[in-house]
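> Residues in the sequence shown are numbered consecutively from 23, following our numbering.
Yeah, the Cβ is synthetic: ideal placement off N, Cα and C, and Gly gets one too.
Treat the numbers as computed from the prediction; the structure is a model and nothing was measured.
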Amino acid sequence: MSKVLSATVRRSITITILAALALAALPSTPAADSRVHLATTPAAAGGWLNQFNMWRASTGLPNVTEVPLWSSGDYSHALYMVKNNLVTHYETVGTPYYTSAGDTAAQNSNIYVSSSTATTDEQAIDWWMQAPFHAMGMMDPRLTQTGFG
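1) Considering only residues of the same chain and omitting the five flanking positions on each side of glycine 69, which have a CB-CB separation below 6 Å?
2) In three-state terms, what does DSSP make of glycine 169?
3) Which of the three DSSP states is assigned to tyrosine 120 in this structure?
4) Distance check for asparagine 75 and threonine 87, CA to CA, integer angstroms please.
5) Please report how far the alpha carbon of leucine 40 lies from the alpha carbon of isoleucine 133, in whole angstroms.
6) Taking C-beta to C-beta, are serine 98 and threonine 121 nearer than 7 Å?
7) Could you pull out every residue in the same chain whose Cβ sits closer than 6 Å to the Cβ of glycine 169, ignoring the five residues on either side in sequence?
8) Cβ of glutamine 73 less than 7 Å from any chain D Cβ?
9) Where does asparagine 72 fall in DSSP's three states?
10) Roughly how many angstroms lie between the CA atoms of aspartate 148 and alanine 140, to the nearest whole one?
11) Between lysine 105 and glycine 171, what straight-line distance do the alpha-carbon atoms span, to the nearest angstrom?
12) Which first and last residues belong to the alpha helix (DSSP H) in which asparagine 106 is found?
13) Roughly how far, in whole angstroms, is the beta-carbon of proline 163 from the beta-carbon of leucine 83, given that I think they are within contact range, below 8 Å?
14) Hey, out of Met160, Thr117, Asn107 and Leu108, whose CA is closest to asparagine 130's CA?
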């Protein structure tokens, strides 16, 4: 299997992550990377970000912007979960596909899992908005930046 998942394979499980905390809240000393490194392709700002900002605008909140570095970490953690058949808010050093960026993203994210290849990124945003404890962070008026992968 290719080291980088195709969009079809990636969406077959559709694990998406929304990094919803400000950079200042991220741990300052992440664990060391394992020897496994992959080239990642984060989701480009688009439908998911428009959907997220539509929800925020509906309550008078300002738009958020994507931080590509966070989206890259989100994608790395999604890959970690898919490859290791896990759903977690952390990564374990030494486990295949571990990255410190993925671990940081995991600890600061919402996670959505679907086994349907028809699930869209926008549906993940809508699902989180229907889950009160996920929606609270997403609708925090102090939130200005986010990631998705």
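According to the data block:
1) Indexing the sequence shown from 1 puts residue 69 at position 47. Asp143 and Glu144, listed in sequence order.
2) Your numbering for residue 169 matches position 147 in the sequence shown. In the structure shown, glycine 169 sits in a strand (DSSP, three-state: E or B).
3) For the purposes of this step, residue 120 is identified with residue 98 of the sequence shown, where counting begins at 1. In the structure shown, tyrosine 120 sits in coil (DSSP, three-state: anything other than H, G, I, E or B).
4) As a first step, residue 87 must be located in the sequence shown, where it is residue number 65. As a first step, residue 75 must be located in the sequence shown, where it is residue number 53. If I take the Cα positions, the gap works out to 9 Å.
5) The count along the sequence shown starts at 1 and reaches residue 40 at position 18. The count along the sequence shown starts at 1 and reaches residue 133 at position 111. Bear in mind that the predicted position of leucine 40 carries a pLDDT of just 36, short of 50, making it unreliable; the figure below should be weighed with that in mind. Using only the alpha carbons, I get a separation of about 7 Å.
6) Stepping through the sequence shown from its first residue, residue 98 is reached at position 76. Stepping through the sequence shown from its first residue, residue 121 is reached at position 99. Yes, the Cβ-Cβ distance between serine 98 and threonine 121 is below 7 Å.
7) On the sequence shown, position 147 is the one that residue 169 refers to. Counting only Cβ-Cβ distances below 6 Å, and skipping sequence neighbours, we find Ala41, Val89, Trp92, Ser93 and Asp96.
8) Among the protein chains of the structure shown there is no chain D, as only one such chain exists.
9) Here residue 72 corresponds to residue number 50 of the sequence shown, with the count starting at 1. Helix at asparagine 72.
10) As a position in the sequence shown, residue 148 is number 126, starting the count at 1. As a position in the sequence shown, residue 140 is number 118, starting the count at 1. Their Cα atoms are separated by approximately 15 Å.
11) Numbered from its first residue, the sequence shown carries residue 105 at position 83. Numbered from its first residue, the sequence shown carries residue 171 at position 149. Rounded to the nearest angstrom, the two C-alpha atoms are 15 Å apart.
12) Position 84 of the sequence shown, counted from the start, is the residue given in the question as residue 106. Start and end: 90 to 106.
13) For the purposes of this step, residue 163 is taken as the residue at position 141 of the sequence shown. For the purposes of this step, residue 83 is taken as the residue at position 61 of the sequence shown. Yes, they are in contact, since the Cβ atoms of proline 163 and leucine 83 sit about 6 Å apart, within 8 Å.
14) What you label residue 130 is simply residue 108 of the sequence shown in a count that begins at 1. For asparagine 130, the nearest C-alpha among the options comes from Met160.
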